[in-house]
Structure formats: structure tokens, C-alpha cells
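K.L.:
Chains as they are written, first to last, in my numbering: chain L, 1 to 185; chain W, 186 to 389.
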């Protein structure tokens with residue numbers, strides 16, 4: 001855990017942490033609306049979003065609720081992105097297949113990846129295995145982000161591609177990028 | 186048959202979805218956005234006369250209110266109405282608290298409550314005989330929540346919502362009739378026309 005936290009940088013600092021990359025990339029692409037269902041890994045990012053008046057950011061009760069909100073907002077001219085963890089993504093097959101994909105909505109998702117590279121909860125490990133097959137079954141664009149030096153390129157280009165092609169994208173935040181969540185109790 | 190009518194909180198007239206939707210649409214003079222939830226709510230919205238500011242949801246049951254919230258946040262100057270069935274709302278009850286927290290004053294939520302899943306064969310919802318959706322909405326933080334006693338009261342509540350300082354939820358008890366029309370199921374056209382209607386896009 002200490003190692004994971006050591007490589008994170010608070011968004012308010014000069015940092016080059018992955019959280020700061022997300023925040024700045026969202027800003028650069030005028031993505032202001034960021035509903036989320038939280039995850040331990042996303043804590044610093046969520047704090048940074050709340051601290052910045054550029055963003056309208058808030059928790060929702062379910063991930064699909066957040067998808068509905070950003071879909072409505074995009075159709076009305078405001079760009080958004082949704083933050084969630086792997087198990088939250090697993091609740092989304094219906095809304096992806098019946099709203100985001102067929103209506104051609106550029107749904108941008110950041111999914112912090114649980115269930116691999118040191119997972120301690122077998123249920124998380126299993127649910128993680130459903131994520132990429134669901135994305136692939138809908139031919140949705142997705143990238144697994146593992147390296148900080150590539151992350152801004154992947155995030156920025158993927159957001160731009162989602163918007164210009166009006167197609168959803170999932171950016172999966174690997175423990176290789178974030179440090180992940182490890183068993184500490 | 187309709188066990189919803191047995192709920193003690195429902196001292197209200199049983200109305201008709203298409204009639205109420207038509208009354209709402211007749212009031213719209215300022216390019217208000219209207220989001221129709223899955224099934225009968227958007228069928229009757231369609232049948233009441235297509236408008237460029239209408240959005241018809243063809244799947245994603247329960248997301249009518251969240252989609253409307255997104256529209257309301259993006260365009261705070263535009264009035265947004267959302268039409269949902271009671272069964273749909275039961276699937277996404279948490280959104281009431283989200284809406285209460287964000288409190289957009291340009292959002293009016295209408296729940297068409299017949300206590301049944303009409304479109305799948307009129308089976309009662311799990312809430313039909315016991316739960317009061319307006320009380321749930323109020324307890325979720327939506328202070329402006331009320332049952333419409335009859336059609337006239339519905340129209341009064343709609344008018345009242347326009348001047349409210351926060352979001353409004355209007356519950357209406359409706360009969361077990363199916364929707365009158367059938368929305369043309371072309372998601373891309375629906376979305377593009379809606380965006381044109383909201384002034385986000387220009388026609389090709």
C-alpha cells in the first residue's frame with residue numbers, strides 16, 4: 001500500500017501522477033461533468049475533481065445512473081465522463097447495448113481495475129474477467145492503461161476519438177498504473 | 186385488479202397516460218425538453234405529437250430521470266420534463282436522491298403509476314400494494330413531490346413546477362391501458378433530432 005501511495009501525486013501539487021493526467025486531459029477536452037461511483041483507487045482523483053470549480057462532479061447510486069446523466073448532458077451540449085471500478089462496469093451491459101452504442105453517444109469511462117495483479121477477493125477476480133468480453137462483444141473501444149509515460153497520449157487521443165466518432169470508450173486503469181488495491185488488513 | 190388502488194395514500198383519481206401526456210404537451214410553448222422513459226411513456230409521448238425537443242428511450246429501463254437530469258444540468262435555462270413509469274423508477278430509485286442533491290430548478294419529474302408492468306402482461310410491481318412513490322420521493326429529498334388528485338390538479342402542479350425553486354415530482358395514478366402509438370425505433374435519428382431540437386447541432 002505504501003508503495004502504491006508513494007507514486008500518487010496530489011492533484012493540487014505540480015505533480016505528474018496519473019490522477020493529474022486525468023484531470024488535465026478532461027479539462028483540455030472540455031469535459032466538465034464527472035459523476036462517479038467511488039473506488040479506493042479513485043479517491044485522490046475524486047478529491048481533485050471536487051476541489052476544481054471547472055468540474056461538476058458528484059456521486060451517483062449506480063453506475064448506469066451516471067451513464068444516463070452524461071448521455072443526457074452530451075445530447076444537450078455538455079461533455080462528461082464516468083468514473084467507476086470493475087465491479088461497477090459489470091452492471092452496465094444493458095445500458096451500453098441499449099443506450100450508449102445504438103444512440104451513438106460518446107460515453108467516456110474510466111474504470112479502475114480490480115480483480116487482477118494481486119487481488120485478494122475472489123469475487124472481484126471473477127467479475128474482472130467479464131469486463132473485456134462485454135466490451136469486445138459490443139466492439140467497443142477500450143484500452144488498458146499501464147504506464148504513466150503513455151497515459152496522457154492514450155487518454156487524450158481516446159477522448160478525442162470517442163467524441164469525433166460518437167462511440168463509447170473505456171479506459172481501464174491497471175494496477176500497473178495506479179498501484180492497485182492490496183490486502184493490508 | 187389494480188392493487189395500487191388499495192394503497193391508503195392514493196386518494197386520487199385514476200387517470201390516463203395518453204390524456205395526461207397530451208395535456209402536458211399542449212402546455213409546451215418554449216421548446217421545453219421532454220424525456221420519455223421506456224415503453225408506454227415514450228409511446229404516448231410520440232402519439233401526443235412529435236416535437237424536436239422530445240427524446241424517446243428505447244432500452245435502458247429506469248434511466249429516464251437520469252437522462253433528464255443530464256439535460257437539465259447542461260441547459261439550465263431550458264425547462265426539462267421527464268416521464269417515467271412506476272416500474273421503471275423502482276429500478277433506479279437512487280436517482281431521486283441524486284436529483285435532490287443537485288437540485289436543478291428546471292426539472293419536472295412525472296411518474297405514471299399504474300402499479301403494473303403493463304407492457305409485459307400487466308403483472309403487479311413489487312411495490313404496487315405497499316409503497317407510495319411520492320412519499321419515497323419526498324423522503325429522498327425532493328420536497329416538491331405531490332400526487333395529482335385529478336387532471337386539473339395535474340395541470341396546476343405542472344404550472345407550479347415552472348416557478349419552483351427546485352426540482353418537482355408529480356405522481357399520477359393511471360389506468361392499465363397500453364400506450365396509444367408506437368415510437369419509430371431509430372435511435373440515431375431520435376438522438377440527432379433531439380440534439381437539433383436543443384440547439385446543440387445544425388442540420389446537415
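Beta carbons: idealized from backbone N, C-alpha and C, even for Gly.
It should be emphasised that the depicted structure is a prediction, and the values quoted were computed from it without experimental measurement.
Would you identify the three-state DSSP class for residue 76 of chain L, choosing helix, strand or coil?
P.N.:
In the structure shown, residue 76 of chain L sits in coil (DSSP, three-state: anything other than H, G, I, E or B).
K.L.:
Using the Cα positions of residue 332 of chain W and residue 151 of chain L, report the straight-line distance between them to the nearest angstrom.
P.N.:
So the alpha carbons of these two residues sit roughly 51 Å apart.
K.L.:
On the premise that residue 252 of chain W lies in contact with residue 72 of chain L, defined as a C-beta separation below 8 Å, what is that separation, rounded to the nearest angstrom?
P.N.:
4 Å
K.L.:
Apart from the five residues on each side of it in sequence, which residues of its chain come closer than 6 Å, Cβ to Cβ, to residue 379 of chain W?
P.N.:
240
K.L.:
So, helix, strand or coil for residue 175 of chain L, using DSSP?
P.N.:
In the three-state reduction of the DSSP assignment, residue 175 of chain L falls in the helix class.
K.L.:
May I ask which residues mark the beginning and end of the beta strand (DSSP E) holding residue 84 of chain L?
P.N.:
Counting along the chain, the beta strand (DSSP E) containing residue 84 of chain L begins and ends at 82–85.
K.L.:
Report the option in W:381, W:220 and W:201 whose CA atom is closest to the CA atom of residue 292 of chain W.
P.N.:
W:220
K.L.:
Against chain W, does residue 157 of chain L count as a neighbour if the rule is that its beta carbon must be under 8 Å from one of theirs?
P.N.:
no
K.L.:
Distance check for residue 45 of chain L and residue 202 of chain W, CA to CA, integer angstroms please.
P.N.:
44 Å
K.L.:
Is the separation between the beta-carbon of residue 249 of chain W and that of residue 222 of chain W shorter than 8 Å?
P.N.:
Taking 8 Å as the Cβ cut-off, residue 249 of chain W and residue 222 of chain W qualify as a contacting pair.
K.L.:
Are the beta-carbon atoms of residue 326 of chain W and residue 310 of chain W separated by less than 8 Å?
P.N.:
For the pair residue 326 of chain W and residue 310 of chain W, the CB atoms are not nearer than the 8 Å cut-off.
K.L.:
For the beta strand (DSSP E) that contains residue 50 of chain L, what are its first and last residues?
P.N.:
Element bounds for residue 50 of chain L: not the beta strand (DSSP E) but the alpha helix (DSSP H), 43–51.
K.L.:
Evaluate contact between the stretch 16–28 of chain L and the stretch 92–102 of chain L, counting only Cβ atoms and requiring at least three cross-stretch pairs below 8 Å.
P.N.:
no
K.L.:
So residue 75 of chain L and residue 376 of chain W are in contact, right, with Cβ under 8 Å, and what is the actual spacing, rounded?
P.N.:
With 8 Å as the limit, residue 75 of chain L and residue 376 of chain W qualify as a contact, their Cβ atoms being about 6 Å apart.
K.L.:
Taking any Cβ of chain W, which residues in the stretch 48–80 of chain L have a Cβ under 7 Å from it, in chain order?
P.N.:
So the list reads 56, 58, 60, 61, 62, 64, 65, 68, 69, 70, 71, 72, 73, 75, 76, 77 and 78, given in the order they occur along the chain.
K.L.:
Which value, in whole angstroms, describes the spacing of the CA atoms of residue 205 of chain W and residue 322 of chain W?
P.N.:
20 Å
K.L.:
Quick check on the DSSP output: the alpha helix (DSSP H) that includes residue 227 of chain W runs from which residue to which?
P.N.:
Counting along the chain, the unbroken alpha helix (DSSP H) around residue 227 of chain W starts and ends at 225–232.
K.L.:
Can you pull the DSSP bridge partners for residue 332 of chain W?
P.N.:
DSSP, once it has assigned bridges, lists W:356 as partnering residue 332 of chain W.
K.L.:
Is residue 102 of chain L helix, strand or coil by DSSP?
P.N.:
coil
K.L.:
Should the stretch 175–184 of chain L be regarded as contacting the stretch 272–279 of chain W, the criterion being three or more beta carbon pairs within less than 8 Å?
P.N.:
no
K.L.:
Out of L:91, L:159 and L:129, which one is the CA nearest neighbour of residue 63 of chain L?
P.N.:
L:91
K.L.:
Residue 255 of chain W touches chain L at which residues, Cβ-Cβ below 8 Å?
P.N.:
33, 68, 69, 70, 71, 72, 73, 74, 75, 76, 78 and 80
K.L.:
When Cβ atoms are compared, which residues of the stretch 77–106 of chain L fall closer than 8 Å to chain W?
P.N.:
The residues in question are 77, 78, 80, 94, 95, 97, 98, 99, 102, 103, 104 and 105.
K.L.:
If I follow the unbroken beta strand (DSSP E) through residue 298 of chain W, where does it start and stop?
P.N.:
292–298
K.L.:
Counting beta carbon pairs with one atom in the stretch 380–388 of chain W and one in the stretch 342–355 of chain W, are three or more of them shorter than 8 Å?
P.N.:
no
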